[in-house]
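K.L.:
Reading the sequence shown from the start, the letters are residues 67 to 453 in my numbering.
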Amino acid sequence: MIELGLSRISRLVQHSHLPWRAIHVAGTNGKGSITAYLSALLAAAGVRCGSFTSPHLIDRWDCITINERVIQESFFRRVENEVKLRSQMLGVNASEFELLTATAFEIFTNQNVEVGIIEVGMGGRLDATNVLSNVLVSVIAKIGYDHQAILGDTIEKITREKAGIMKAGVPCVVDGTNEPLVQQVLRAAADKAHTPITFARPDIIQQTFPELVGIFQHLHLEPHQLANISCALTGLQQALPQLKPNSTLPSLFPYISKTPRPGRLQEISLNPLIPRKQPVLLDGAHNPQSATVLCAYVDRNLRKQAPEHAGITWVISASQGKDIKELFSCIVKPGDNVAVVEFGPVDGMPWMRSVQAAELLSVVKAFIPDIARRRSVGDCRQFIFGI
67 MIELGLSRIS RLVQHSHLPW RAIHVAGTNG KGSITAYLSA LLAAAGVRCG SFTSPHLIDR
127 WDCITINERV IQESFFRRVE NEVKLRSQML GVNASEFELL TATAFEIFTN QNVEVGIIEV
187 GMGGRLDATN VLSNVLVSVI AKIGYDHQAI LGDTIEKITR EKAGIMKAGV PCVVDGTNEP
247 LVQQVLRAAA DKAHTPITFA RPDIIQQTFP ELVGIFQHLH LEPHQLANIS CALTGLQQAL
307 PQLKPNSTLP SLFPYISKTP RPGRLQEISL NPLIPRKQPV LLDGAHNPQS ATVLCAYVDR
367 NLRKQAPEHA GITWVISASQ GKDIKELFSC IVKPGDNVAV VEFGPVDGMP WMRSVQAAEL
427 LSVVKAFIPD IARRRSVGDC RQFIFGI
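(1) In whole angstroms, what is the alpha-carbon distance linking residue 363 and residue 403?
(2) Excluding sequence positions up to five away, which residues of its chain have a Cβ less than 7 Å from the Cβ of residue 84?
(3) Report buried or exposed for residue 290, applying the criterion of at least 16 other Cβ atoms within 10 angstroms of its Cβ.
(4) Report the partner residues of residue 382 according to the DSSP bridge assignment.
(5) Distance check for residue 421 and residue 354, CA to CA, integer angstroms please.
(6) Counting only the same chain and skipping the five closest in sequence on each side, list residues whose C-beta sits under 8 Å from that of residue 111.
(7) Taking only the alpha-carbon atoms, compute the straight-line gap between residue 160 and residue 81 and give it to the nearest angstrom.
(8) Return yes when the Cβ of residue 240 is within less than 8 Å of the Cβ of residue 252, no when it is not.
(9) Starting from residue 284 and walking both ways along the alpha helix (DSSP H), at which residues does that stretch end?
(10) If residue 92 sits next to residue 190, beta carbons under 8 Å apart, how far is it from one beta carbon to the other, in whole angstroms?
(11) By DSSP's criteria, residue 265 is part of a beta bridge. Which residues make up the other side?
(12) If you follow the alpha helix (DSSP H) that residue 536 is part of, which residue opens it and which one closes it?
(13) Whole angstroms is fine: what's the gap from residue 152's alpha carbon to residue 77's?
(14) Buried or exposed for residue 228, please, with buried defined as at least 16 other CB atoms from any protein chain shown within 10 angstroms of its CB.
(15) State the Cα-Cα distance for the pair residue 105 and residue 434, rounded to the nearest angstrom.
(16) Within 10 angstroms of the Cβ of residue 212, are there 16 or more other Cβ atoms? Answer buried if so, exposed if not.
(17) Tell me the residue span of the alpha helix (DSSP H) that contains residue 77.
(18) Could you work out which residue in 136, 192, 101 is closest to residue 205 when comparing CA atoms only?
(19) Which residues bound the alpha helix (DSSP H) around residue 340?
(20) Relative to the C-alpha of residue 215, which candidate in 418, 383, 68 has its C-alpha closest?
(21) Could you tell me which of 230, 108, 383, 333 sits nearest to residue 259, measuring between CA atoms?
(22) What are the residues that DSSP puts in a beta bridge with residue 88?
Have a look at this one:
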C-alpha cells in the first residue's frame, strides 16, 4: 500500500543539514531521461552533481549517483542503516521510498554535492521528494494517465498533483508538447503559486541555439527524446548561471550524445550469453503514453526491417494495477510472437507484484487468437532467440 504525504519525511530529515541546491523533476513520462541529461551536462560543466531516480534499474543503490557514478553498495547500506535507525528512534514508521529519499539526501550532503537532480517518485505534491526547499528550478515532463487510484482519475487531477512541486519564485520548466488541457492546468497552478513558468519545445530551443539543429539531426532522436532534451536544456538555462556563471550552455552540447539512457529504447547485446548477433531492444514502457511511444518506434525502425510476415518477438511482463489490455493493444499485433513472463520480488518495493503469466496470456490472445502455448524452457529459447 502506497501512502503519500510529507509528515513522515519531514520528521526524518528535520535535523539533517541539506546545504546543496536542487533541481526537482516531475512528470508521467520522460522525467528519468530529463534527470539523466541534467546530471550528465552539469557534471560535464564541472558541477559536483548528485542524481536520485526511481525505481532502481538493477540494484537498489543504482538509483543514486555522484558525478555519473553509482555509489558503492557498502556506503549506501551504511547510510541507509543510519536513516532506518533514526526512523525507529523517532517512531516515524517511514515507508521504503521515504527511507530511500532520506538516504539519498544524506549521501548528497556527505559527498558535498553542489546540486542534486531529484526525480519525483509519484505525483509531486505529496511525494517525499517535495520536502525540498532549496530548489533552483522545477521541471515537469510529459503528463499522462498512470497511478490513477492514487493521483486521480482525470488528467486535470493528475496534472494538479504534478504541479504541486511548483514553489513561489522558483522557475518551472514544462514540456511544451503536453496536450493543451495539461498546459492550461499548469498555467493556472503557476499563477496560483506565483511561479515563473516556461514551456520548452524542440523548435523553441533550436531557434535559441541554431547549432542544435545539426546535433539533433545527427543523433536521429525520437520526438519524445527531443522534447526531453529541450526540457533539460531549458532547465539548464535557468540553473547554470547560478551554479557555474562562467560556463555557457553551447559548450555542453557535445555531451548530449554521451548521455546514457538505460532501459529506454536501449539496444543491448546478449552475446556471449547466447549465440545471437542481433541486439534486443529493452524498454520500460509501463503506461499507455509510453506504450504508444514504444509502438511507434518499433513500427518505424523494426517492423520495416523484419522479413515479410516475420512479426516482432516480444518478451513481456507487467506489474499489478496496470491496464494491461490498454498497454498491449498498441504493442502486440497479429503475426507477432509473445513470451509472457513473471518477475520476482523487487528489492525495496514490496508493493510491486507481477501480473501472473496466465493473465498476461489471456490478454495477448485477444490480439493474437491463434497464438500457441509453449511451456518447456527449450521451446521458449527456440521461440524467443531462434537457438
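Every residue gets a Cβ at the ideal spot worked out from N, C-alpha and C, and that includes glycine. A quick note: this is a predicted structure, and the numbers were derived from the prediction, not measured.
P.N.:
So, to answer that:
(1) As a position in the sequence shown, residue 363 is number 297, starting the count at 1. As a position in the sequence shown, residue 403 is number 337, starting the count at 1. Cα to Cα, the separation comes out at about 18 Å.
(2) Here residue 84 refers to the residue found at position 18 when the sequence shown is read from its first residue. Correct list, in chain order: 171, 175, 200.
(3) Numbered from 1 along the sequence shown, position 224 holds the residue referred to as residue 290. That one is buried.
(4) If you number the sequence shown from 1, residue 382 lands on position 316. 406.
(5) The residue given as residue 354 occupies position 288 in the sequence shown. The residue given as residue 421 occupies position 355 in the sequence shown. C-alpha separation (whole angstroms): 17 Å.
(6) Counted from its first residue, the sequence shown places residue 111 at position 45. Answer for residue 111: 306, 309, 310, 313, 317, 318, listed in chain order.
(7) Residue mapping note: residue 160 aligns to position 94 of the sequence shown, counting from 1. Residue mapping note: residue 81 aligns to position 15 of the sequence shown, counting from 1. Near 16 Å, if we compare the C-alpha coordinates of residue 81 and residue 160.
(8) If you number the sequence shown from 1, residue 252 lands on position 186. If you number the sequence shown from 1, residue 240 lands on position 174. Yes, the Cβ-Cβ distance between residue 252 and residue 240 is below 8 Å.
(9) Residue mapping note: residue 284 aligns to position 218 of the sequence shown, counting from 1. First-last of the alpha helix (DSSP H) with residue 284: 277-285.
(10) The residue given as residue 92 occupies position 26 in the sequence shown. The residue given as residue 190 occupies position 124 in the sequence shown. With 8 Å as the limit, residue 92 and residue 190 qualify as a contact, their Cβ atoms being about 4 Å apart.
(11) As a working note, residue 265 is residue 199 in the sequence shown. Answer by DSSP bridge pairing, in chain order: 240.
(12) This structure cannot speak to residue 536, because the chain is shown only from 67 to 453.
(13) Looking up residue 152 in the sequence shown gives position 86. Looking up residue 77 in the sequence shown gives position 11. Rounded to the nearest angstrom, the two C-alpha atoms are 10 Å apart.
(14) As a position in the sequence shown, residue 228 is number 162, starting the count at 1. With 16 or more Cβ atoms within 10 Å of its Cβ, residue 228 is classed as buried.
(15) For the purposes of this step, residue 105 is identified with residue 39 of the sequence shown, where counting begins at 1. For the purposes of this step, residue 434 is identified with residue 368 of the sequence shown, where counting begins at 1. The straight-line gap separating the alpha-carbon atoms of residue 105 and residue 434 is approximately 42 Å.
(16) For the purposes of this step, residue 212 is taken as the residue at position 146 of the sequence shown. Answer is buried; the Cβ neighbour count reaches 16.
(17) Residue 77 sits at position 11 when you count from the first residue of the sequence shown. It spans 73-79 - the alpha helix (DSSP H) in which residue 77 sits, taken as one unbroken run.
(18) To locate residue 205, count along the sequence shown from 1; it is residue 139. Measuring from the Cα of residue 205, the nearest candidate turns out to be 101.
(19) Here residue 340 corresponds to residue number 274 of the sequence shown, with the count starting at 1. No alpha helix (DSSP H) holds residue 340; DSSP gives it neither H nor E.
(20) Your numbering for residue 215 matches position 149 in the sequence shown. For residue 215, the closest alpha carbon among the candidates 418, 383, 68 is that of 68.
(21) The count along the sequence shown starts at 1 and reaches residue 259 at position 193. Answer by Cα proximity: 230.
(22) Translated into the one-based positions of the sequence shown, residue 88 becomes position 22. According to DSSP, residue 88 bridges with 182, 201.
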